[in-house]
């Protein structure tokens, strides 16, 4: 059991393990999943194809007996956070301590099916991909109240990546180990690891694929709050824009201000016949500054990309 290791010590601990490296590592983040976690793990352990897989459960500071219900499983690695640090932190901890060539994410609330996990794993390994995302197909359980919000967010993600996006925040996905570890430091604290990795994979041009999956109704109460986590997701998308497409972001603002200031200024000058108004000139100046700010940040973004590559 590992508690409170820094990211650097987590990576050193994983690299220092003498055992042979498994092909697959399955990371299961769990926060107050006492009702579902036992059945979730037992389902995976019954799958013959996963006999050699490493199964890591990260108990993210649960206040119920999630960890205690896992104590009798000899085949799993149980990691405990002393305090609740969020889904992204749990994923990052499990990934850093994993030893597999491929890292798979699997929710601990009973939504996912082992056969879909195998589909994602086969997609990764057989096609030599860098990532694979399980896309929830028709027939999957999904609360109706979340559909409109997800549609809006999907549109925002598509604009951010300049390409159509399917299920951008599915919790069932897999990555080649070296690819995922490269981006762990960019994952937001708390909520948003799924959305962030989708955006990063698409924006950075990694080779991946989507496979259809069916999700079941979760067991127990969800810790997701629709409005709060929706706003957090929008902030993640904004962060991606600023990280990878600052010129598009600030350039759009700049062009809007320049056009708006110009139209307003000329309209006032023509109708009032008192020359170009100062307010219109100020708006245009702000637009020009926004364009130059975008150019500056675009250069910084290129330097960041060189670090990632």
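In my numbering, the protein residues as written are 335 to 643. The beta carbon of each residue, even a glycine, is placed where N, CA and C say it ideally should be. For clarity, every value in this text was computed on a predicted model and none was experimentally measured.
Using CA coordinates, which residue listed in the options is at the minimum distance from residue i?
i           : options            : result
residue 437 : 379, 421, 380, 356 : 356
residue 493 : 578, 459, 542      : 578
residue 404 : 418, 386, 379, 383 : 379
residue 412 : 433, 370, 362      : 362
residue 590 : 607, 634, 542, 622 : 622
residue 465 : 506, 366, 371      : 506
residue 432 : 401, 368, 510      : 510
residue 533 : 523, 552, 496      : 496
residue 455 : 425, 430, 391, 359 : 359
residue 424 : 392, 449, 586      : 392
residue 469 : 521, 500, 602, 395 : 500
residue 394 : 617, 488, 524      : 524
residue 624 : 608, 602, 586      : 586
residue 552 : 445, 584, 416      : 445
residue 537 : 519, 571, 522      : 571
residue 526 : 606, 426, 513, 576 : 426
residue 528 : 548, 498, 566, 452 : 566
Could you compute how far the alpha carbon of residue i sits from the alpha carbon of residue j?
i           : j           : result
residue 568 : residue 627 : 22 Å
residue 428 : residue 419 : 13 Å
residue 516 : residue 439 : 16 Å
residue 409 : residue 354 : 15 Å
residue 574 : residue 485 : 19 Å
residue 604 : residue 614 : 13 Å
residue 335 : residue 414 : Any answer about residue 335 is weak, because its pLDDT of 46 lies below 50 and its placement is not dependable; what the coordinates show is given next. Roughly 7 Å separates the two Cα atoms.
residue 397 : residue 546 : 34 Å
residue 434 : residue 389 : 10 Å
residue 539 : residue 636 : 15 Å
residue 631 : residue 447 : 43 Å
residue 450 : residue 467 : 11 Å
residue 385 : residue 375 : 12 Å
residue 616 : residue 488 : 35 Å
residue 584 : residue 531 : 23 Å
residue 518 : residue 610 : 51 Å
What are the residues that DSSP puts in a beta bridge with residue i?
i           : result
residue 508 : 438, 466
residue 388 : 359
residue 546 : 469
residue 515 : BP columns for residue 515 are empty, so no partner.
residue 364 : 393
Does any residue of chain B have a CB that is nearer than 9 Å to the CB of residue i?
i           : result
residue 456 : Absence of chain B from the displayed structure is noted, only one protein chain being present.
For residue i, does the count of other Cβ atoms within 10 angstroms reach 16, so buried, or fall short, so exposed?
i           : result
residue 443 : buried
residue 461 : exposed
residue 337 : With a pLDDT of only 49 at residue 337, under the threshold of 50, the placement of this residue in the model should not be trusted, and no figure is reported.
residue 383 : exposed
residue 508 : buried
residue 458 : buried
residue 503 : buried
residue 600 : exposed
residue 366 : buried
residue 595 : buried
residue 371 : buried
residue 580 : buried
residue 430 : buried
residue 542 : buried
residue 633 : exposed
residue 513 : buried
residue 491 : buried
Beta strand (DSSP E) segments (min. 3 residues) lying fully within the region 446 to 500: 465 to 470
Ordered list of beta strand (DSSP E) runs contained in the region 373 to 428, each at least 3 residues: 388 to 394, 410 to 415
Every unbroken alpha helix (DSSP H) inside the region 567 to 642 [4 residues or more]: 580 to 606, 612 to 642
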